[in-house]
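**Student:**
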Amino acid sequence: MITHYADLELQTVSIQGVKQAYADSLQLPILYESSHFIRFQLTPFTTLSFKETYEAIHPVHFAIQVPYSQFTGISSFIHQSGLFILKQENGQYIDETNTRKNLYFRDGDGNLLEIIAHNYIKENQIELFGQLKGMYLREIGFPVESVPVFRDWLKSTLKMKTESDQDTFNFVISGTAHAVVVSKERPWIPISMKALPPMMLVTLGTTNTNFINKLANKPDNSFLESDKVYFSKEGYNFCVKYSPDFKSSLLGELNLPLLN
355 MITHYADLEL
365 QTVSIQGVKQ
375 AYADSLQLPI
385 LYESSHFIRF
395 QLTPFTTLSF
405 KETYEAIHPV
415 HFAIQVPYSQ
425 FTGISSFIHQ
435 SGLFILKQEN
445 GQYIDETNTR
455 KNLYFRDGDG
465 NLLEIIAHNY
475 IKENQIELFG
485 QLKGMYLREI
495 GFPVESVPVF
505 RDWLKSTLKM
515 KTESDQDTFN
525 FVISGTAHAV
535 VVSKERPWIP
545 ISMKALPPMM
555 LVTLGTTNTN
565 FINKLANKPD
575 NSFLESDKVY
585 FSKEGYNFCV
595 KYSPDFKSSL
605 LGELNLPLLN
């Protein structure tokens, strides 16, 4: 099974702008840097990468799971970072329910970032990383023409699951990884940002090498490279890699909701 997002690689028009947003403002450590590429450590098991391009880029939405007990302090850190904080539809910066809190903000390329916290997630089971106290990359947005078609592909190919099936917006989940599959006609909240399909490479982690070998035989332009398999679907590029450092037992220890 898929356990987590291992890396998210995005496009940028400015490596220096990315450095100012993520290294200077959010204080993420740089793992690798060249003139056209940079990689940050985002959470204990996830990296965030940017490749410079000379093409127009479409903003991406992604959400970082943070501890519920420290959400106020993390929100204050983001407010002080100098990045653009977005108001919710109710006019407040933080949206809160009985079990969840979240805050939206943007980087220099217009990507829509979110910190999100749930009170049922056990915080002491995983290392909290950096000033953001990131636990794991929870969500990546996938705008598509047909939500049912892409959702069902994720379920059949990557063995991901849904709590319920909807036609315009769906969470498709495996482990800590939530694919937010949304119709291109449905804008991203909270600023009604157009849901444009971004160019990105999404790397997913698994502890099952047999799963990787099975994916290599799927007819989705796949090819096997050592302990990784690459493939694409509807313009999105994927990689599934063997990630033994992420223990499958952690999923139960985090108290993630079980899906039928």
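Read in order, the letters of the sequence shown correspond to residues 355 to 614 in our numbering.
Backbone N, C-alpha and C fix where the C-beta goes; we use that ideal spot for every residue, glycine too.
On a predicted model such as this, the values are computed, not experimentally measured, just so you know.
1. Between V498 and K515, what straight-line distance do the alpha-carbon atoms span, to the nearest angstrom?
2. Write down every uninterrupted run of the beta strand (DSSP E) in the region 457-528 whose length is 3 residues or greater and which is fully enclosed by it, in chain order.
3. Can you name the start and end residues of the beta strand (DSSP E) that K595 belongs to?
4. Going along the chain, which residues of its own chain have a beta-carbon closer than 6 Å to the beta-carbon of S379, five neighbours each way excluded?
5. Note the first and the last residue of the continuous beta strand (DSSP E) segment covering L558.
6. Report yes if the C-beta distance between V420 and A471 is below 8 Å; otherwise report no.
7. With a 10 Å radius around its C-beta and 16 neighbouring C-beta atoms as the bar for buried, classify L613 as buried or exposed.
8. Can you tell me whether V372 is helix, strand or coil according to DSSP?
9. What residues in its chain sit with their C-beta under 6 Å from that of N465, if we drop five residues either side in the sequence?
10. Tell me the rounded alpha-carbon separation between L362 and T397.
11. For S449, which beta-bridge partners are listed by DSSP?
12. Just curious, the alpha helix (DSSP H) that T563 is in, first and last residue?
13. Where E607 and K476 are concerned, what is the direct C-alpha to C-alpha distance, given to the nearest angstrom?
14. Could you check whether the region 485-495 touches the region 395-410, counting it as contact only if at least three pairs of C-beta atoms, one from each stretch, sit closer than 8 Å?
15. Using DSSP bridges, identify the partner residues of F394.
16. Is it true that the CB of T561 sits closer than 8 Å to the CB of T357?
**Tutor:** This is what the structure gives:
1. Their backbone Cα atoms lie some 18 Å apart in a straight line.
2. Within the region 457-528, the beta strand (DSSP E) runs of at least 3 residues that lie entirely inside it are, in chain order, 466-472, 490-498 and 523-528.
3. Looking at the DSSP string, the run of the beta strand (DSSP E) that includes K595 is Y590 to Y596.
4. These residues qualify, in order along the chain: S435, G436 and L437.
5. Residue range M554 to T560 is occupied by the beta strand (DSSP E) that includes L558.
6. It is a contact, given that the beta carbons lie within the stated cut-off.
7. With a pLDDT of 43 at L613, under the threshold of 50, the modelled position of this residue cannot be trusted; read the value that follows with caution. So L613 counts as exposed.
8. DSSP places V372 in helix when its eight states are reduced to three.
9. P413 and V414.
10. If you take the alpha carbons of L362 and T397, they lie about 12 Å apart.
11. The amino acid at residue 449 is misidentified as Ser; the sequence shows Asp. Looking at the DSSP output, D449 shares a beta bridge with N456.
12. Judged by DSSP secondary structure, T563 falls within the alpha helix (DSSP H) whose first and last residues are T563 to L569.
13. Cα atoms of E607 and K476: separation of roughly 7 Å, rounded to the nearest angstrom.
14. The region 485-495 vs the region 395-410: in contact.
15. For F394, which the question treats as bridged, DSSP gives the partners I384 and L402.
16. Contact: yes.
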